[in-house]
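Numbering (our numbering) for the sequence shown: 10 to 507. Just so it is clear, CB atoms sit at the ideal spot from N, CA and C, and this is done for glycine as well. All of these numbers come straight from a predicted model, not from anything done at the bench.
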Amino acid sequence: MRDLGARFRKGAAWVYIQGWAVTAISFAGGVAMARLLDPVDFGVFAAVTAFTSVLAHQLQLGVPEALLRTPEDDGLVLDSAFWTMQGLALACFAVAWLAAPLLAQAYDDPRFVTLMRLLAAVFLVQPAAYAAMAHMRRAMRHDRAARVAVVSSLMGVASGVAAAAMGAGAFAFAVGGATSGVAMSIMAVWRSRWRPRIRFDRDKARAVLGYGLKIHVGNTLSVAADKVDTMLVGSGAGTVTLGFYNRAVATARMPVRELLGRLYAVILPAFGRLEGAGERSRRAYRKVTTVVGASVLLALSWLWLSAEPFITLLYGEKWVPAVPAIRILVIAAAIGTFRGLLGMYASAVGLAGRRAWLEGVGLVVTALAVLVGLRGGLEGVAWGIVFRNAVMLVLMLELARRHTAVGPLDVWAGAWPGIVASGAAAAVGSAFPDGVAVPGWQGDLMALGRNAAVTVVAGLAALAAIRAVARTHEGVQALFELTRLGASRMRRLVRSAA
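Okay, here's the thing in structure tokens:
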């Protein structure tokens, strides 16, 4: 148990390092791309990726996740999984090539067909990266996987920005995606020390697919439910409006993606090792929910307070129409955080198959909510996503209550400290707005810094009060212990640098 905890903490640290590094790179690239390109370019890219994202999941079939549960010295299962995914990649590329002209009829941009075919070509190099990254992560070598992800992301962003500066328009996204995909495949194979061999074991492939398909159905429906809003907004309101909506969604989800999504490869195997552990499993879930949930919700509070200066400073005045939708979608992201944590737990303890019908419901609920919300413009669609996330959280809670050791009280026990702390931060920031109006980027930067200080001080003060009152709350104690360890390591780094 101690060894598992130590490996989890080390893995989590490297995943966070990767996440923050990739975030910094993406920020820089996003600023440049948003200033070089127009909302319509982002709109057509979002329209295309709404479909290619769903197809990209079909070439995985849940195999990378299934490989995390296999012995790290089983090379035959890795090769069998790789060739399975390679065959699927060829099929998905063919589907994208043939379907592009048909799908383009729903949009008003002639670049749709070419852009979709270029992005689909990246499918052909991804199986090697998936297999090699899974090999490193099942051996808990998250340090190597993190380095590969960071370098490939840097290469992709740099090439995409260069293409945009040269006037490539929306095709700059294809240049960046292709560069990143090829670089990741080459480096992942090299760093993992795994080399694809021409061998295939049907039984091992069937075993991997047996588990992978349970996850795959749910994940595919989840991606489809996540992208159906993009499809409907783009076809119903045009690619310009879709560009603003895509910016709002990407911005609001950023804290969830970086603080929670990056931990998926760490949380899944850790929870999986506790399957059937009963009380230990519940305690682990509550601790993870408190630590991750509080971190994500405090970041969302800062974003809610800082939406307008954040957008203006980074992307420019032309993106300001996305601000109201961002503030609404922050609420959706907060709800989605706890839904995501519960979903990870459900998948890890063998409920991946049962999750599939939930995601099917989510697809229908999302489509209906967006269609109704379109009557109210961007803000109406954003409130529809809030409704969708609330419905899905309730359904996920019911699934967990029926089939796992975790119930609604466990979810609430893990969630409420973060809710209280983030609410306090948002309330303090709203009650004492910045009274000094400084024009230009200096004012935006000052507003971001002020809101960050308010969020940290008010949030930590609230958590400290909770710790003093709820002394037996293991999640809060774990949060402060991690904070103490992080501060200690930072001090050592500063001393060594000096």
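It is roughly 7 Å from the alpha-carbon of Ala-55 to the alpha-carbon of Leu-251. Rounded to whole angstroms, the separation of the alpha carbons of Leu-111 and Asp-152 is 43 Å. In the structure shown, Gly-416 adopts coil according to DSSP, grouped into three states. In this structure, DSSP gives Ala-179 a state outside helix and strand, which the three-state scheme calls coil.
Judged by beta-carbon spacing, Leu-372 lies within the 8 Å limit of Ala-234, meaning their Cβ atoms are closer than that value. In terms of Cβ geometry, Ser-310 and Ser-161 do not form a close pair [threshold 8 Å].
Per the C-alpha coordinates, the member of Gly-369, Ala-424 and Met-193 positioned closest to Met-142 is Met-193.
DSSP, read as helix, strand or coil, puts Pro-264 in helix.
In the three-state DSSP reduction, Leu-124 falls in the helix class (H, G or I).
Linking Ala-154 to His-144 through their CA atoms gives a straight-line distance of about 9 Å. The beta carbon of Leu-380 sits closer than 7 Å to the beta carbons of Leu-241 from its chain, once the five residues preceding and following it are set aside; these are given in chain order. Less than 8 Å separates the beta-carbon of Gly-349 from that of Leu-269.
Between Trp-199 and Leu-85, the alpha-carbon positions lie close to 18 Å from each other.
Note on Val-403: under 16 other CB atoms within 10 angstroms of its CB, so exposed under the neighbour-count rule. Of the candidates Ala-409, Ala-167, Ser-168 and Phe-91, Phe-91 places its Cα closest to the Cα of Gln-135. The distance from the Cβ of Ala-303 to that of Pro-426 is about 6 Å, consistent with a contact at the 8 Å cut-off. By the neighbour-count criterion, in which 16 or more other beta carbons inside 10 Å mark a residue as buried, Leu-70 falls on the buried side.
Look at the beta carbons and you see the segment 43-60 touching the segment 120-139: at least three pairs across the two are nearer than 8 Å.
In the DSSP assignment, Leu-309 falls within the unbroken alpha helix (DSSP H) covering 288-324.
In the structure shown, Gln-95 falls within a helical segment according to DSSP collapsed to helix, strand and coil.
With respect to Ala-435, Ile-394 sits apart: the two C-beta atoms are not nearer than 8 Å.
When the beta-carbon positions are compared, Thr-229 and Val-53 stay at least 8 Å from each other. Note that the segment 452-468 does not touch the segment 404-416; fewer than 3 beta-carbon pairs, one per stretch, sit closer than 8 Å. At least 8 Å separates the beta-carbon of Gly-186 from that of Leu-97. Between Ala-334 and Ala-257 the beta-carbon gap is near 4 Å, inside 8 Å, which marks them as a contact.
The way I'd put it, the segment 30-38 doesn't touch the segment 204-224; fewer than three beta-carbon pairs between them come closer than 8 Å.
Judged by DSSP in its simplified three-state form, Tyr-139 adopts helix.
Take Val-232, set aside five residues on each side of it, and the residues of its chain with a beta-carbon closer than 8 Å to its own are Ser-62, Val-63 and His-66, in chain order. Taken through DSSP and simplified to helix, strand or coil, Ile-335 comes out as helix. A residue is called buried once 16 or more other Cβ atoms fall within 10 Å of its Cβ, and Ala-115, having fewer, is exposed. When Glu-317, Val-184 and Leu-133 are compared, the shortest CA-CA separation from Gln-95 is found for Leu-133.
The C-alpha of Ala-331 is placed about 40 Å away from the C-alpha of Arg-147. Around the beta carbon of Trp-328, a 10 Å sphere encloses 16 or more other beta carbons of the protein chains shown; the residue is thus reported as buried.
The distance from the Cβ of Arg-397 to that of Ala-378 is about 5 Å, consistent with a contact at the 8 Å cut-off. Between Lys-236 and Trp-421, the alpha-carbon positions lie close to 29 Å from each other. The three-state reading of DSSP puts Phe-441 in coil, since its state is none of H, G, I, E or B.
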